[in-house]
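What follows is a set of notes on a single structure, which appears directly below.
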Amino acid sequence: MKKALIITTLAALLGASVAMADHGFGGGFGGKGLDRMKTALGLSDVQASQVEVIMQEQKTQMDAIRTQTEQRIQALLTADQAAKFADMKQKREEHMQKRLEHMQQKQGQGAFF
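Residue numbers (my numbering): -3 to 109.
Spelled out as structure tokens, the structure:
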């Protein structure tokens, strides 16, 4: 029971962190999301550049934490659990990719921006 809870929690954590790392503030800080933030907050070009650097550093740190967390949990799992975990991760990534593609299509139609 505990292992199932750990696996489920990790899958949710990995899915959420993948979403946050890739998409950030409404489309990612490197694109329209940063532009929206700059406009909403009235950031100067210098401030926007500094925010972009901060967010890139945060993304790099989150990627490292996510990788380390996954490795630590993988070490706890049996072979069957590891296979199920890999399948769960793959399905979650596919789901997130479909959501991203859907959001990008909507953006192209002017629905979000």
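Ideal Cβ placement from N, Cα and C applies to all residues, glycine included.
Counting along the chain, no alpha helix (DSSP H) covers THR74, and no H or E run does either. SER45 carries a helical assignment under DSSP once its states are collapsed to helix, strand and coil.
At the C-beta level, GLU48 and LEU30 come within 7 Å of one another. Taking all protein chains in view, the Cβ of ILE69 is crowded by 16 or more other Cβ atoms within 10 Å, so the residue is classified as buried.
Taking a C-beta distance under 7 Å as the contact criterion, PHE81 and LEU73 qualify as a contact pair.
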